[in-house]
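>
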Amino acid sequence: MAVGGFTQDVEDESYAVTIPLPATGELSFTATDDVELAEVKVLVNGESVDATEGVYAITFNTATSYVIEIVAKDSAGQETKFSFKVEVTEDKKPFTRNSAAYTDDGTQVAADVPRYETGKFGQAIFIEEGTTNLLTENQSSVEIDTSGLSGAGTATRTRDTATAWHGGYSYQAIGGSSPFSIYTAPQKTSVTAGTAYTRSVYVKSSAPQSSELGFMMWWNRWNHWTASNIRANLTTDWQRFVVTEIAPSGASSAYLEMFSNGNHTIWWDGAQLEAKPYATSWTLGGTTREAETLSISPVSSILTTQQGTIDVWVDVPDFWKSGIPNSRRIWSIGNATGPGMYWLGYDPTINKIVFSIYDDSGIEQTITVDKPSAGWHLFTARWSNNEMSLWIDGVKMGSKTSPSLPTNFADTILTIGCRPDTPYDNVNTLIDDFRVSNRARPDAEIQALYQNNQPAPKDADTTLKLNFDGNLDPQP
Ligand SMILES: [Ca+2]
Ligand SMILES: [Ca+2]
Numbered sequence: 024m025a026v027g028g029f030t031q032d033v034e035d036e037s038y039a040v041t042i043p044l045p046a047t048g049e050l051s052f053t054a055t056d057d058v059e060l061a062e063v064k065v066l067v068n069g070e071s072v073d074a075t076e077g078v079y080a081i082t083f084n085t086a087t088s089y090v091i092e093i094v095a096k097d098s099a100g101q102e103t104k105f106s107f108k109v110e111v112t113e114d115k116k117p118f119t120r121n122s123a124a125y126t127d128d129g130t131q132v133a134a135d136v137p138r139y140e141t142g143k144f145g146q147a148i149f150i151e152e153g154t155t156n157l158l159t160e161n162q163s164s165v166e167i168d169t170s171g172l173s174g175a176g177t178a179t180r181t182r183d184t185a186t187a188w189h190g191g192y193s194y195q196a197i198g199g200s201s202p203f204s205i206y207t208a209p210q211k212t213s214v215t216a217g218t219a220y221t222r223s224v225y226v227k228s229s230a231p232q233s234s235e236l237g238f239m240m241w242w243n244r245w246n247h248w249t250a251s252n253i254r255a256n257l258t259t260d261w262q263r264f265v266v267t268e269i270a271p272s273g274a275s276s277a278y279l280e281m282f283s284n285g286n287h288t289i290w291w292d293g294a295q296l297e298a299k300p301y302a303t304s305w306t307l308g309g310t311t312r313e314a315e316t317l318s319i320s321p322v323s324s325i326l327t328t329q330q331g332t333i334d335v336w337v338d339v340p341d342f343w344k345s346g347i348p349n350s351r352r353i354w355s356i357g358n359a360t361g362p363g364m365y366w367l368g369y370d371p372t373i374n375k376i377v378f379s380i381y382d383d384s385g386i387e388q389t390i391t392v393d394k395p396s397a398g399w400h401l402f403t404a405r406w407s408n409n410e411m412s413l414w415i416d417g418v419k420m421g422s423k424t425s426p427s428l429p430t431n432f433a434d435t436i437l438t439i440g441c442r443p444d445t446p447y448d449n450v451n452t453l454i455d456d457f458r459v460s461n462r463a464r465p466d467a468e469i470q471a472l473y474q475n476n477q478p479a480p481k482d483a484d485t486t487l488k489l490n491f492d493g494n495l496d497p498q499p
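In my numbering, the protein residues as written are 24 to 499.
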């Protein structure tokens, strides 16, 4: 039997395999030379399996045990039966994303390849939710022709083959003496009234300018464009302009428009319209970027419920604000409230950073502290029977004495930047220098770690250290 690289001559036994799921195994077998087989049946958990040319395809969808029975009858009618068990464990990839994505300079990375950007120390990993770019492919990157784009005012508009933020082309408008624009009006985008939309575009100018009309969103209700009039300070470098608005009552379509003052040339590329109250990274128009997950498995190899410390740097983003959907999990063991869940993250319903441990009865013990300013901060969560505490930048922000620590963790994996189940609660920001220790580190070490302003050292108590400097390899 061969499955996921596992090949075994089976007898009446039990086998354990660790494979990505779902997986299909092939079962084939040979009778001894002097036996002529008249009939063979294969059953998996009591269900008969069809064969093609004597090869039985067995599908493993979930991590469970599969009882496989083989019933063979020879030409004399003599029946032979035997069975064996396959215990399937899922071999989870540490990082997943079921689509391509783009880094912040417009470079595409393939599915399941993490994005690394400039971090606190070297590079950091970006863990983001999915999105759909509602613009057309060409409006978003101008790689095909000029369709879907035009503008208001006098300007010469062409596809520039020499300048691009993404791919090889951008849309260029060379202005005259009066203000002019680039817009997506030729192919307006359908919208739903009452839904928040965020528009974004990378633009650069032939010279710095403050464009008074700025980056607008026009709804199909012409009398309603309040809050759309956003001044844009353009520079000679590609800059991303981002504005969020709720589609007004009666709106059913919209277009984006970037204005320039006269006597300038401007370039447009990397445009996006997404139905979210904040911007996420760009993806090609007409496509969906799937959510990202990062998980460490098994958590039992690096941590116990009884004592531990996790240090991690997070680039706290502007969009972590009251009222945004979903919590934002810096790390998590378990996905929902219940016995054995540990998690650290941002809760937008109270606008606080939260560190919670759920005891064996599912009772929550939570420290909530003020969210620090946007930018890089060191978050340290520490627990033991004496105390659980949350530190930000080497300062103890909150603690609880004698917490009731659970016997077991709620999950077998520890996730970073997201929930462990269906991709969810993504932080949508950069995470760097993730260190897990199997003891409650003393105060002085936590303070020194921040004050030294260096990557966390790996020592005898470090059970996992991820630098995210271009790969997911643990620091040796
Ligand atoms: Ca790093
Ligand atoms: Ca382009």
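Don't be surprised by glycine CBs; every beta carbon is placed ideally from N, CA and C.
Let's see if you can read the secondary structure: which residues bound the beta strand (DSSP E) around GLU110?
Per DSSP, GLU110 belongs to the beta strand (DSSP E) from 102–113.
> On the DSSP bridge assignment, give the partners of MET420 in chain order.
DSSP output for MET420 lists no bridge partner at all.
> To the nearest angstrom, report how far apart GLY237 and PRO202 are at their CA atoms.
Looking at the two C-alpha atoms, the distance is approximately 10 angstroms.
> Is any non-hydrogen atom of ligand 1 found closer than 7 angstroms to the C-beta of ILE498, if you look at the structure I gave you?
Correcting the residue identity first, residue 498 is Gln in this sequence and not Ile. No, the beta carbon of GLN498 sits no closer than 7 angstroms to any heavy atom of ligand 1.
> Taking 7 angstroms as the cut-off, is the beta-carbon of ALA187 closer than that to any non-hydrogen atom of ligand 2?
At least one heavy atom of ligand 2 is nearer than 7 angstroms to the Cβ of ALA187, so yes.
> Shorter than 7 angstroms, the distance from the beta carbon of VAL322 to the closest heavy atom of ligand 2, or not?
For ligand 2, not one heavy atom lies less than 7 angstroms from the Cβ of VAL322.
> Here's a check: name, in chain order, each residue in its chain whose Cβ is nearer than 8 angstroms to the Cβ of ASP466, leaving out the five neighbours to either side.
Correct list, in chain order: LYS419.
> By how many angstroms is the C-alpha of ILE380 removed from the C-alpha of ILE91?
Roughly 41 angstroms separates the two Cα atoms.
> Taking its Cβ as the centre, do 16 or more other Cβ atoms sit within 10 Å of SER163, making it buried, or is it exposed?
SER163 comes out buried.
> For VAL58 and GLU102, I'd like the C-alpha separation in whole angstroms.
When rounded, the distance between both Cα atoms is 11 angstroms.
> Which of the three DSSP states is assigned to ALA471 in this structure?
Three-state DSSP puts ALA471 in a helix.
> LEU367: which of THR311, THR179, ILE415 sits nearest, CA to CA?
Out of THR311, THR179, ILE415, ILE415 has the C-alpha closest to the C-alpha of LEU367.
> Cα separation between SER234 and GLN295?
Straight-line Cα distance between these residues: approximately 20 angstroms.
> Give me the Cβ distance between ASN451 and THR303, rounded to the nearest whole Å; I'm assuming they're in contact under 8 angstroms.
About 6 angstroms; that satisfies the 8 angstroms criterion.
> Could you pull out every residue in the same chain whose Cβ sits closer than 6 angstroms to the Cβ of THR391, ignoring the five residues on either side in sequence?
So the list reads LYS375, VAL377, once near-sequence residues are dropped.
> If I'm right that GLY153 touches ALA314 with Cβ under 8 angstroms, what's the distance once you round it to whole angstroms?
With 8 angstroms as the limit, GLY153 and ALA314 qualify as a contact, their Cβ atoms being about 4 angstroms apart.
> Closer than 8 angstroms by C-beta to LEU60: which residues in its own chain qualify, once you throw out the five before and the five after it? Chain order, please.
Here the set comprises ALA54, ALA95, LYS96, ASP97, SER98.
> Put ALA208 into one of helix, strand or coil per three-state DSSP.
ALA208 falls in the helix class under three-state DSSP.
> Taking 7 angstroms as the cut-off, is the CB of ALA479 close to at least one heavy atom of ligand 1?
For ligand 1, not one heavy atom lies less than 7 angstroms from the Cβ of ALA479.
> In the DSSP assignment, find the alpha helix (DSSP H) that holds GLU160 and state where it starts and stops.
First-last of the alpha helix (DSSP H) with GLU160: 160–164.
> Helix, strand or coil, according to DSSP, for SER324 in the structure here?
DSSP places SER324 in helix when its eight states are reduced to three.
> Per DSSP, what kind of secondary structure is ASP466 in: helix, strand or coil?
The answer is helix: DSSP assigns ASP466 an H, G or I state.
> In chain order, what residues of the same chain have a beta carbon less than 8 angstroms from the beta carbon of PRO117, not counting five sequence neighbours either side?
Closer than 8 angstroms at the Cβ level, and outside the excluded window around PRO117, lie LEU317, SER318, ILE319, SER320, LEU495.
> Touching or not, the region 398–405 and the region 336–350, by the rule of three or more beta carbon pairs under 8 angstroms?
At 8 angstroms Cβ cutoff, the stretches touch.
> Inspect the beta-carbon positions of TRP242 and ALA270 and report whether they are closer than 8 angstroms.
In this structure, ALA270 lies closer than 8 angstroms to TRP242 by Cβ.
> Cβ of TYR125 within 7 angstroms of any heavy atom in ligand 2?
The answer is no for TYR125.
> If I follow the unbroken beta strand (DSSP E) through TYR303, where does it start and stop?
Before going further, note that residue 303 is Thr rather than Tyr in the sequence given. From DSSP, THR303 is part of no beta strand (DSSP E); its letter is neither H nor E.
> Would GLN131 be called buried (16 or more neighbouring beta carbons within 10 Å of its own) or exposed?
Classification for GLN131: exposed.
> Quick check: ILE333 and ALA404, are their CB atoms within less than 8 angstroms of each other?
Taking 8 angstroms as the Cβ cut-off, ILE333 and ALA404 qualify as a contacting pair.
> Pull up the distance between the alpha-carbon of SER422 and that of PRO43, whole angstroms please.
Between SER422 and PRO43, the C-alpha separation is close to 40 angstroms.
> Give every residue of the same chain whose Cβ lies closer than 6 angstroms to the Cβ of ASN84, excluding the five residues on either side of it in the sequence, and list them in chain order.
Only PRO45 meet the Cβ criterion.
> To the nearest angstrom, how far is the alpha carbon of TYR125 from that of PRO300?
Approximately 20 angstroms, taken between the alpha carbons.
> If you measure from the CB of GLN232, is any heavy atom of ligand 4 nearer than 7 angstroms?
As for ligand 4, it is missing from this structure, which binds only ligand 1 and ligand 2.
> What would DSSP say about MET194, mapped onto helix, strand or coil?
First, the amino acid is wrong: residue 194 is Tyr here, not Met. Strand at TYR194.
> Measuring CA to CA, which of ALA123, GLY176, LEU172 is closest to GLU151?
Closest by alpha carbon: ALA123.
> As a quick exercise: from THR87, LYS104, ASP168, MET364, pick the residue whose alpha carbon is nearest that of GLU62.
Looking at the Cα atoms, LYS104 is the closest of the given residues.
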